[in-house]
Each structure stands twice: as structure tokens, then as C-alpha cells.
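S.K.:
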Amino acid sequence: MSARYGGNTQSRCPKISQALVAVHGMDDFMYLNNEMQPVAPSVPCAPGLFIGREGSQYTTGIKRQLIRLDAKQWLYVGQYQLARSEPAYMTAAEWREQCPKFHNKWVKNVYAKDWGHKVCARILTRKRLGREPTEGEVIATLSEEWFEPKQVTSDEIKREFSEGREKLEIFTMKCVGYENDFQMQLCGMDNWMAERSA
1 MSARYGGNTQ SRCPKISQAL VAVHGMDDFM YLNNEMQPVA PSVPCAPGLF IGREGSQYTT
61 GIKRQLIRLD AKQWLYVGQY QLARSEPAYM TAAEWREQCP KFHNKWVKNV YAKDWGHKVC
121 ARILTRKRLG REPTEGEVIA TLSEEWFEPK QVTSDEIKRE FSEGREKLEI FTMKCVGYEN
181 DFQMQLCGMD NWMAERSA
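In terms of full-length UniProt numbering, the sequence shown has 43 at position 43, counting the first letter as 1, and numbering is strictly consecutive.
#1: Taking Asn34 as the reference, which of Leu75, Ile123, Tyr80 has the closest Cα?
#2: Fully enclosed by the segment 103-185, which alpha helix (DSSP H) runs are 4 residues long or longer?
#3: My assumption, with CB atoms under 8 Å, is that Ser123 sits in contact with Ile67. Please give the rounded CB distance.
#4: Check the DSSP bridge columns for Tyr89 and list the partner residues they point to.
#5: Are the beta-carbon atoms belonging to Gly52 and Phe171 less than 8 Å from one another?
#6: Roughly how many angstroms separate the alpha carbons of Tyr31 and Val77, rounded to a whole number?
#7: Hey, quick one: how far does the alpha helix (DSSP H) through Gln37 stretch, first residue to last?
#8: Under a three-way DSSP split, which group does Asn33 fall into?
If you want it as C-alpha cells, here you go:
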């Protein structure tokens, strides 16, 4: 996908170069890993839910959704509009209901991503102060020389989510279209049809 359509292979919504957009006309890709997104659509055009960090920025525009089924196996499910759900957050009980693989994937992302560093800073500040920290207090912890995300253990991160002090946002996923031509490209049928008609 990256070689043909462009974008970073690790990004959920990769930025596509203008040179490649000029070739194929697409810059709306969104890739969802089923280990982190257990209620994403599993068949084309089905509804689903997207789970994101607090402050997720994926709600604007229509996205070309591809869902990971297994290692190196992805499925195009359609063009989707995301909207904030009601209630907007996964509850502590819903977090606890998820499988260990889901918990471990989210903890790994907390350590790996910039937004996750803020989660770790909030946990450390909350622990130090014995109360819910202000935004300014969290920013102050982030800017300290001693701050390191790994000062927070994976068990502490899981506990903060399971007790509802840290939260994930929930968005509805509504299919608003399906591009048959794109699906034909993905399975190589566009080349086969072009050869047959030549």
C-alpha cells in the first residue's frame, strides 16, 4: 500500500505526497488494527466503532477505511464518516471487559506516542499530588528533566484505565460509500481487465 499509494507504513492516517495524489487522486486513507479496534467494521459497509485517545483528531472528513485482519492482511471496507458517540468515552467497565492483547497494545502506544507521554505525566502527577492534576501541573511534569514515561509501569497504566481515571474516546463509524474501482485496483483486477480489453 505504501509503495503504490504512499504514506508512512506505521501511521493510522498517513500523509500522502502531492506527487502521488496527482497520480491516483487519493489522500484519505485510514488503517485500523483490529487488536486495538475490536469493534471496527469486519466486513465491507458494516457499521462499527473507533476507539481513540482523548483528543483524537480523526473525526473530520470521510476516510477510506482499511482494517487489519491478520499479519499483512488488510480489508478495504468502504468510505466512512466518524462521529463522536454518546456517551463519548469508554467506561472503566468496558475497558476491563477487553482482552489482555487489547490492554497491552494500548499500553505499548502510551509508551510509544507523544500523546501517551502526557498520560504518563498525568499518572505521575496524580500519584505525587494525591489528587486530579490541573493541565498546567501535567505540562510542568512533562517539561521536567527527570520525566521519563517508563517511570510509570504498564500495570499502573492499565489500573488507571480500569478505574476510569484515564479514558479512551469512542466514535461511531458509518459507511457512506464504497469505491468498486479502488477495490478492483487492490485485487489487481484493473490490470487484468485492461489487458482483456486491449
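The beta-carbon is built from N, C-alpha and C at its ideal position, and this holds for glycine as well.
M.R.: In brief:
#1: Leu75
#2: 114-129, 135-143, 154-162
#3: Before going further, note that residue 123 is Ile rather than Ser in the sequence given. At roughly 31 Å, the Cβ-Cβ gap does not stay under 8 Å, so Ile123 and Ile67 are not in contact.
#4: Glu169
#5: yes
#6: 11 Å
#7: First-last for Gln37: undefined, no H or E at that position.
#8: strand
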